[in-house]
Ligand SMILES: [Zn+2]
């Protein structure tokens, strides 16, 4: 291709045709794992201000989430996660929470940042699980 020629992106999906992230088990539910860019086929991109919760509902959720995190198994990443919206360094761990419904919810350390600072909508099933959690 000549230097300066327009790049043909028509086959770009082929470059991203990688299998979805592996699950440890079928009962695992991944929450808050975002696409790296708009070409990702398997994960959504976070949308600012997509939450319709009030501040008090959101704060209650975040308090509850802290309790859930204390009961979660922690895995350390090899590197940092970067916020998909503001590009800040956003955590280096992920949490595995085994709920009473038999499912394990997996979410990254940076999940709270998306809710707190970008008002990203919370998955409804995960919201209910977290709000119902009792120590
Ligand atoms: Zn951010």
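In our numbering, the protein residues as written are 93 to 227. Glycine included, each C-beta is placed from N, C-alpha and C at the ideal position.
Are there any heavy atoms of ligand 1 lying less than 7 Å away from the beta-carbon of residue i, as far as the coordinates show?
i	result
residue 182	yes
residue 214	no
residue 139	no
residue 209	yes
residue 205	yes
residue 221	no
residue 177	yes
By alpha-carbon positions, which one of the options ends up nearest to residue i?
i	options	result
residue 149	219, 226 and 225	219
residue 138	217, 185, 221 and 209	209
residue 181	154, 202, 166 and 119	202
residue 125	136, 164 and 194	136
residue 160	196, 117, 140 and 134	196
residue 190	166, 184 and 212	166
Buried or exposed: where does residue i fall if 16 or more other Cβ atoms within 10 Å of its Cβ makes it buried?
i	result
residue 206	buried
residue 172	exposed
residue 176	buried
residue 142	exposed
residue 105	Caution applies to residue 105, whose pLDDT of 47 falls short of 50 and renders its modelled position unreliable; the model cannot decide the point.
residue 157	buried
Under 8 Å between C-beta atoms, does residue i make it to chain B?
i	result
residue 152	No chain B is part of this structure, which consists of one protein chain only.
Problem set entry | Entirely enclosed beta strand (DSSP E) segments - the segment 142 to 223, minimum 3 residues | 165 to 168, 185 to 190 and 196 to 200
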